[in-house]
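All the letters of the sequence shown, read from the start, carry residue numbers 3 to 157 under my numbering.
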Amino acid sequence: MNCYKMLDKFSLKWDHFQSKWTKALSELRSSDNFADVSLICDDKVKFSAHKILLSSCSKMLKFILEENPLDKSIIFLTGMSSDDVGLVLDYIYYGEAKLHQEQLDSFLKSAKKLEIEELWGLGDIKNEEHNSENDHDMKEVEENEIFLDNNLLIK
Numbered sequence: 003m004n005c006y007k008m009l010d011k012f013s014l015k016w017d018h019f020q021s022k023w024t025k026a027l028s029e030l031r032s033s034d035n036f037a038d039v040s041l042i043c044d045d046k047v048k049f050s051a052h053k054i055l056l057s058s059c060s061k062m063l064k065f066i067l068e069e070n071p072l073d074k075s076i077i078f079l080t081g082m083s084s085d086d087v088g089l090v091l092d093y094i095y096y097g098e099a100k101l102h103q104e105q106l107d108s109f110l111k112s113a114k115k116l117e118i119e120e121l122w123g124l125g126d127i128k129n130e131e132h133n134s135e136n137d138h139d140m141k142e143v144e145e146n147e148i149f150l151d152n153n154l155l156i157k
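Below, the structure written as structure tokens:
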């Protein structure tokens with residue numbers, strides 16, 4: 003810990019803050035401790051997550067969670083596979099997602115749908131490169147729906 007005096011005020015700095023925070027996020031990702039939201043995919047796989055982390059990285063999930071302040075939320079992510087959602091969660095919790103080339107398009111579509119900051123614009127760049135062949139696929143993603151508890155539908 004470093005300590006600096008600033009005109010009768012002290013600044014205390016946690017020397018290994020980033021490494022401790024990275025470790026804490028990794029531990030949260032690998033357990034259900036303190037999880038307060040469940041994400042359920044098309045293939046009926048359930049992921050436990052933390053609202054504060056999801057809402058800090060996903061504009062769509064932030065919107066949903068702000069509008070529905072439940073203690074334990076369940077969000078159904080139609081049109082998204084457990085592979086893609088798992089990779090998105092890896093990106094949020096670890097700061098990176100390790101995937102194969104053939105997973106990239108689907109992953110970026112999911113990131114765009116969830117409005118994952120730092121990723122959802124990448125889908126647009128990739129689509130510009132392959133605009134004509136991916137137009138139909140992007141329309142399908144935009145038409146998919148996100149269901150929240152009690153059959154509340156978010157499009």
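We put the CB at the ideal spot given by N, CA and C, even for glycine.
Treat the numbers as computed from the prediction; the structure is a model and nothing was measured.
- In the three-state scheme derived from DSSP, where H, G and I count as helix and E and B as strand, V47 is classed as coil.
- Residue range L106 to L116 is occupied by the alpha helix (DSSP H) that includes F109.
- The beta carbon of K61 sits closer than 6 angstroms to the beta carbons of E117 from its chain, once the five residues preceding and following it are set aside; these are given in chain order.
- Counting along the chain, the unbroken alpha helix (DSSP H) around F19 starts and ends at F19 to R31.
- By the Cβ rule, the stretch 95–104 does not count as touching the stretch 70–79, because fewer than three pairs are nearer than 8 angstroms.
- L41 is not a Cβ neighbour of S57, given a cutoff of 8 angstroms.
- The beta-carbon separation of C43 and S84, rounded to 4 angstroms, stays under the 8 angstroms limit for a contact.
- Contact between S50 and D34 holds: CB atoms are separated by about 4 angstroms, below the 8 angstroms threshold.
- The continuous alpha helix (DSSP H) containing S57 extends over residues K53 to C59.
- Residue burial is scored here from C-beta neighbours: A113 has at least 16 other C-beta atoms within 10 angstroms and is therefore classed as buried.
- Boundaries of the alpha helix (DSSP H) harbouring L91: S84 to Y96, taken from the DSSP string.
- Sequence-distant Cβ neighbours of A37 in its own chain, meaning closer than 7 angstroms and more than five residues away, are S50, A51 and H52.
- Here the alpha carbons of V90 and L121 stand approximately 10 angstroms from one another.
- Distance from the Cα of T24 is smallest, within the candidate group I94, P71 and E69, for I94.
- A distance below 6 angstroms between beta-carbons, with the five flanking residues on each side excluded, links K64 to the following residues of its chain, in chain order: S57.
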